[in-house]
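Visitor: Numbering-wise, the numbering used here puts 976 at position 865 of the sequence shown, and it's gapless, one number per residue.
The beta-carbon is built from N, C-alpha and C at its ideal position, and this holds for glycine as well.
This one's a predicted model, so the numbers in the text were calculated from it and none came from an experiment.
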Amino acid sequence: MRTPGNRRRSDDRSFAAMAAVAFCALAVFAPAAVHCGRAPRIVEHPTDITVGTHEPVTLNCKSEGQPQPDVRWMRDGRPVDVTGSIRKALLPDGSLLFLEASQGKRDSDSGTYWCIANNSFGEAVSRKANLIVTYLKQDFRVQPKDVTPASGDTAVLECDPPKGHPEPFVVWHKNGQPMPADEKKRWYIQDTGNLIIRDVKSEDDGSYTCVANNLAGVRRSKPILLVTQIRPYMIQAPKDTVAMAGSSVQLQCKIGGTPQPEVFWKKISNTGVAQHIRPDHYRNEKLSEDRDTFEHVYITQDGSLRLDNVSPEDEGKYVCHAENHQGKVNAASSLTVHSVPLIAQRPADTHVSAGSNAIFECGVRGNPKPTIFWSLQNNDTVLFPKESWNEFHAEDTKDSVSTLIIYNVKREQHDQLVVMCSATNEAGSDEWRATLTVAAAAYEDTLPPIIEYGPANQTLPYSSIGNLVCKAIGNPQPVITWYKDDSPLSTEIARINITDTGTLQISNLQKSDNGVYTCVASSVNGKATWSAELKMESPKNPNVGFFRSPDPSTFPGAPSTPVVVNYTDTSVVLSWGRNGKVGSSPLLGYQVEMFTYGENVGWATLVRRLHSTHFTQAFLRPGRSYLFLVRAENSHGLSPPSHLSGRVTLPTEYHQNVPYSHDMSIAKSTLFGGHIVDLIDIKTVSSTSIKLFWEILNGEFLEGFYLYCHSKNLTGRNSTLMKLLSNATELSGAYVVNSLQPSVSYVFFLVPFYKHIKGRPSNSRTAKTHEDCPSEAPQHVEPIAYNSSSVYLKWNPPPEDSHNGVITSYQVVIQGGVGWDVLSNVTVSASTPTLLLTNLTSGVRYKVMIAAATKIGFGPYTDPILLPTESMNQINKFNDAVIDHEEIKEFVAEPWFILLMAGVITLMIVLLAAILFVRYRQLGAKKSHLGDSLNAANKLSYSSGFKTTLDASHRGQVASFLQSDHSVSNSQRCLFIDANSCHKPNWMHHDIDSSEKDSSQQLLPEIADYAEVNPNTMSTFLKERELSSPAPYATTTLVSNSSSRNMRRNSEDTAYASANIYRAQNVYSESGYSCCSSNNDCQSCMGTYMRVL
């Protein structure tokens, strides 16, 4: 294709040829000095050449012509300058010589070259040739690095080749050999040179080299290693473990992975507290200060966790963590530590009076939580918490403490009754026995009164109130009298009063009130006394320490009933238990008091501040009867008395008791002291049967077992079953318990016995029977006529104790017609025991039956219930309302509806707040805008609706209103702010009259909406105006009575004066509004003082 340049060169050649021919023709006739020439021709064209950097290269270009052509070179369309260059030279034959080829950003010889030969007869252009100067630097821009990908991951081997021209091509070598073709296309090389290997496997391990090459050479990176690693994986995960307290536990955790993962453990206690256990934590070492001490926990070499001498505190969730560079894995297991029950709060031997209540408390520790029950010696009855039997009642209190109450004890039935508190769980059992001693009715046999709380020494300030406490018990109720300094205290003094409880109150204490006060509790059976000293001092005396009688709550609790553990004909050995309530100060000791029958001496104190809970009283008289009580004492005072001990009558001669036979003593110690049988397993057989397995540990003194079965779901005496196992078959080690309730959890334990001696219970086992079909039908089925063809059914579930499992659905059977055919069989969800029956025919008889179902099957159906079809045509509106109300109530009670309404209300509140906020901002902006204009002077600007302008061409002058040809009255020239003061112009009548009668209420807000008046944008309805003279500034009125002059305007003129005569002017008013008193002259009533900026 010929381009314009080619055509131009062709024309030039034609012209040169023609010129040559003409020249030759002239040469025939011209002188001999004229010669014939020819245009240049390229005989050797330059060719494409590739050369390395700093190497010589020559681009050939040979031409011929007459005269010899001049040769010049072009590069990329620009002339090649060889003058002054030390690297380039033009050879005589026209070739271009490069002494050192260069390739760089500033000086590059690469490009497209061609030569041009010309002489006076024309020029010739060579073909184009490409000179490529190649180079390849030594250093890789990014050197590959060793990689350790995880098996299955994608490995990225980075390589950014050295800079070069042309851009180097990258290949990878593995183990010194080029990487073979990958048919599965697991690896490829990115354009950047990175090698991507997907789904890395161990076979990909090796040495890799990145090779970059171009025409300038080849560069190799340093070899790198690819080592496939394996994420941690679990070989053997820890399992949930149940261990006995005191044993050792090892939680296995075997981990695989490359490199070998680091293993550590974390314990999450039942309270949610996390504690870390590291591999460097070994036995008898402590963790850092912010962790608990694990002296018995350490990690073995294979990563397992070992715990020695476990306790319930070690319970919790243990998580095995393993991690390496490629990832991490963890597995959790739970550790449950069972501990044998321990009766920590032992029931104490109790002494009560006949007719009162006896209370025994038993507190237990153990894991899992032990089951506590009470039993009586020589009686097969057991009482679990919340169970009663005759006068016995067991109650459950907080912190695993159970209480046994014996109401209205009788001496002949309950004296020396042995009460046993037993606790059992899966780990074992414990038992404690206490004896009930019943004394005669309180204060029989002429017992003297007992003072429970007596007065205490006090030092009080003058004019204060003094209280001396004296509370006594006895039968009959004792009478309290007071003595001062051994003289009866008169109560006729107004300042002295004795309350009904016996407390002595003295008000306005005086110096004469100093003395020793004695409380005397008297009855027909005797008396008891208690004395204390009362001192008064001046309240201003700094050397006196005032103190009042301590509150009884600061006293220690009463000790337990003293028990006579041994006696002779002249001595008695007492023992009692310490009360858990110490009071507000440390215990100082015990005070023992004694009463002797037959001697009218009252209660005698035997010892004070005794530190022991045992006391021996000697030098007693043989044959006499004695009673004892004990008080505890701290620095605040004495406790109330304990219960009275049993009456002990000393023998006239000392006889030692006859001991048990040898065998019975051994049997008793064996049964009481050790475990005879152990329940080793339990299995549920059916919905009514559970099988027990046990092992006899010591059968030397064993005649049989009492098998107890207690239900956790049932209440009352029916919750406990007892079975006597005594024959060889029943003692073989397994037994099936039948006749149990379906879907009920039961606790089983065995109590061994030998003759009349019952031993310690075995450990307990818990199992739940399988579910069964419900044993009763649904209740309270109620059909309600809904409309002319529908009946609404609702019912209640069967009684809870007849569910025999979890109710999953209800089956509703509808029968109808002459033969009561089954018309429909509908399954209804257990969560909604209602059904709406539709498409019923009025007048046809229908009946329904409903049955409840568990996952096992359906229970019995209800009795057939007739539907009220006769009344469906006459629906009671009240029923509709009831149904609608119930449906609405159920609908409104749905959680999603409550949440939806809460969201809607919240959204409405937010929108209302936003609207109020925006409105407040708008009003604030208006106030701010107006405030900026008015500043402190309450500036007024007038609406363009007034069709007025203000002349402000001179400082201190106010332009008058423009007037039309017909004269505008003064009343019409006033400011229309108060419409009641002046007539409205015609253009205002419609707006104001049609909206409100009081136009001032309408115009004032409109004025506030404008900040200033721009005369260039105002318009008027009046063609001509009359400008009145401005009033002088200061105390003159806004509009003066000076003469006005007419100012004519053509219709094509603007409504306002030229800007060089008038300009917008702000007017400030002292009062903020204008008042006109008459319609004749508005100017005379404008009393507002104005100033003009």
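(1) Taking contact to mean at least 3 C-beta pairs separated by less than 8 Å, is the region 526-546 in contact with the region 632-647?
(2) Should Lys199 be labelled buried (16 or more other beta-carbon atoms within 10 Å of its own) or exposed?
(3) Start and end of the beta strand (DSSP E) containing Arg1255?
(4) Given that a residue counts as buried once 16 or more other Cβ atoms are within 10 Å of its Cβ, and exposed if not, what is Thr469?
(5) Any idea what DSSP makes of Ile470, helix, strand or coil?
(6) Could you say which of Ala433, Val322 and Ser682 lies nearest to Gln254 if we only look at CA atoms?
(7) Give me the Cα-Cα distance between Ala1253 and Ser380, rounded to the nearest whole angstrom.
(8) Output the distance between the C-alpha atoms of Asp789 and Ile918, rounded to the nearest integer angstrom.
(9) Could you check what DSSP says for Gly367 in three-state terms: helix, strand or coil?
(10) Among residues of its own chain, excluding the 5 on either side of Lys439, which ones have a beta-carbon nearer than 7 Å to its beta-carbon?
(11) Determine the contact status of Ile562 and Ala669, defining contact as a CB-CB distance below 7 Å.
(12) How about the region 847-859 and the region 505-514: do they share at least three Cβ pairs that are nearer than 8 Å?
(13) Indicate the three-state DSSP secondary structure (helix, strand or coil) for Ile617 in the structure shown.
(14) Any idea what DSSP makes of Ala603, helix, strand or coil?
(15) Can you list the alpha helix (DSSP H) stretches of 4 or more residues lying completely in the region 315-350, in chain order?
(16) DSSP three-state call for Tyr708: helix, strand or coil?
(17) Out of Thr570, Leu547 and Ser776, point me to the one whose CA is closest to Val674's CA.
(18) Using only the alpha-carbon positions, how far apart do Gln214 and Lys274 sit?
(19) For Pro1006, I'd like the list of residues in its chain whose CB is within less than 8 Å of its CB, leaving aside the five on either flank, ordered along the chain.
(20) By the DSSP assignment, the beta strand (DSSP E) with Thr877 in it spans what residues?
(21) Excluding five sequence neighbours on each side, which residues of the same chain lie with their C-beta closer than 8 Å to the C-beta of Tyr628?
(22) Roughly how many angstroms separate the alpha carbons of Val937 and Ala962, rounded to a whole number?
(23) Are the beta-carbon atoms belonging to Val683 and Gln728 less than 7 Å from one another?
(24) Touching or not, the region 604-612 and the region 567-574, by the rule of three or more beta carbon pairs under 8 Å?
(25) Do the region 219-231 and the region 147-161 make contact, defined as three or more Cβ pairs closer than 8 Å?
(26) Nearest-angstrom Cα distance between Pro661 and Gln361?
(27) So, at 7 Å on beta carbons, what are the nonlocal neighbours of Ile300 in its own chain, with the 5 sequence-adjacent residues on each side left out?
(28) Beta carbon of Pro481, beta carbon of Ala545: below 7 Å?
(29) Taking C-alpha atoms, which residue in Leu528, Ala356 and Phe495 lies nearest to Val448?
(30) Using the Cα positions of Ser1044 and Phe1008, report the straight-line distance between them to the nearest angstrom.
(31) Could you spell out the range, first to last residue, of the beta strand (DSSP E) harbouring Ala538?
(32) Mapping DSSP to helix, strand and coil, what is Pro1006?
(33) Note down, in chain order, each residue of its chain lying with its Cβ closer than 7 Å to the Cβ of Phe484, except the 5 sequence neighbours on either side.
(34) Based on the DSSP output, what are the partners of Val512 in its beta bridges?
(35) What did DSSP end up calling Leu1249 once you bin it into helix, strand or coil?
(36) Say whether the region 911-931 touches the region 954-961, bearing in mind that this needs 3 or more beta-carbon pairs closer than 8 Å, one atom from each stretch.
Guide: Inspection of the coordinates gives the following:
(1) no
(2) Taking the sequence shown and counting its residues from 1, the one referred to as residue 199 is at position 88. That one is buried.
(3) No answer is possible for residue 1255: it lies beyond the span of the chain, which begins at 112 and ends at 1204.
(4) Counting from 1 along the sequence shown, the entry for residue 469 is found at position 358. Per the sequence shown, residue 469 should be read as Ala rather than Thr. It is buried - the Cβ of Ala469 has at least 16 other Cβ atoms within 10 Å.
(5) Here residue 470 corresponds to residue number 359 of the sequence shown, with the count starting at 1. In this structure, Ile470 counts as strand in the three-state DSSP scheme.
(6) Here residue 254 corresponds to residue number 143 of the sequence shown, with the count starting at 1. Looking at the Cα atoms, Val322 is the closest of the given residues.
(7) The question about residue 1253 has no answer, for the chain in this structure spans 112 to 1204.
(8) Translated into positions along the sequence shown, residue 789 becomes position 678. Translated into positions along the sequence shown, residue 918 becomes position 807. If you take the alpha carbons of Asp789 and Ile918, they lie about 37 Å apart.
(9) Counted from its first residue, the sequence shown places residue 367 at position 256. DSSP places Gly367 in strand when its eight states are reduced to three.
(10) In the sequence shown, the residue the question calls residue 439 occupies position 328. For Lys439, where only same-chain residues beyond five positions count, the Cβ hits under 7 Å are Pro343, His432 and Ala433.
(11) If you number the sequence shown from 1, residue 562 lands on position 451. If you number the sequence shown from 1, residue 669 lands on position 558. The answer is no: Cβ separation not under 7 Å.
(12) no
(13) Working through the sequence shown from its first residue, we reach residue 617 at position 506. Residue state, collapsed to three classes: strand.
(14) Taking the first residue of the sequence shown as position 1, residue 603 is located at position 492. Note on identity: in this sequence residue 603 is Glu, with Ala being the wrong assignment. Three-state result, Glu603: coil.
(15) none
(16) Here residue 708 corresponds to residue number 597 of the sequence shown, with the count starting at 1. It is coil, neither helix nor strand.
(17) The residue you call residue 674 lines up with position 563 of the sequence shown. Comparing Cα positions, the closest option is Leu547.
(18) Here residue 214 is taken as the residue at index 103 of the sequence shown, counted from 1. Here residue 274 is taken as the residue at index 163 of the sequence shown, counted from 1. Gln214 and Lys274: Cα-Cα distance of roughly 12 Å.
(19) As a position in the sequence shown, residue 1006 is number 895, starting the count at 1. There are no such residues.
(20) On the sequence shown, residue 877 is found 766 positions in, with the first residue counted as 1. Start and end: Arg876 to Lys879.
(21) Counted from its first residue, the sequence shown places residue 628 at position 517. Once the five neighbours on either side are set aside, the close Cβ partners of Tyr628 are Pro566, Leu579, Trp593, Tyr594, Lys595, Leu600, Leu615, Ser642, Ala643, Glu644 and Leu645.
(22) Here residue 937 corresponds to residue number 826 of the sequence shown, with the count starting at 1. Here residue 962 corresponds to residue number 851 of the sequence shown, with the count starting at 1. The straight-line gap from Cα to Cα measures roughly 11 Å.
(23) Here the question's residue 683 lines up with position 572 in the sequence shown. Here the question's residue 728 lines up with position 617 in the sequence shown. Contact flag set, yes.
(24) no
(25) yes
(26) Translated into positions along the sequence shown, residue 661 becomes position 550. Translated into positions along the sequence shown, residue 361 becomes position 250. Rounded to whole angstroms, Pro661 to Gln361 spans 58 Å at the Cα level.
(27) Against the sequence shown, residue 300 aligns to sequence position 189. Cβ within range, chain order: Val281, Trp283 and Leu306.
(28) If you number the sequence shown from 1, residue 481 lands on position 370. If you number the sequence shown from 1, residue 545 lands on position 434. Going by C-beta atoms, Pro481 is not nearer than 7 Å to Ala545.
(29) As a position in the sequence shown, residue 448 is number 337, starting the count at 1. Nearest option by C-alpha distance: Ala356.
(30) Your numbering for residue 1044 matches position 933 in the sequence shown. Your numbering for residue 1008 matches position 897 in the sequence shown. Note that Ser1044 scores a pLDDT of 45, beneath 50, so its modelled location is shaky; the value from the coordinates is reported in the next line. Cα to Cα, the separation comes out at about 54 Å.
(31) One-based indexing of the sequence shown puts residue 538 at position 427. Element bounds for Ala538: n/a, residue is neither H nor E.
(32) Numbered from 1 along the sequence shown, position 895 holds the residue referred to as residue 1006. The answer is helix: DSSP assigns Pro1006 an H, G or I state.
(33) Your numbering for residue 484 matches position 373 in the sequence shown. Contacts found: Val493, Leu494, Phe495 and Ser533.
(34) Position 401 of the sequence shown, counted from the start, is the residue given in the question as residue 512. Answer by DSSP bridge pairing, in chain order: Gly474 and Thr508.
(35) Here the chain has residues from 112 to 1204 only, and residue 1249 is not among them.
(36) yes
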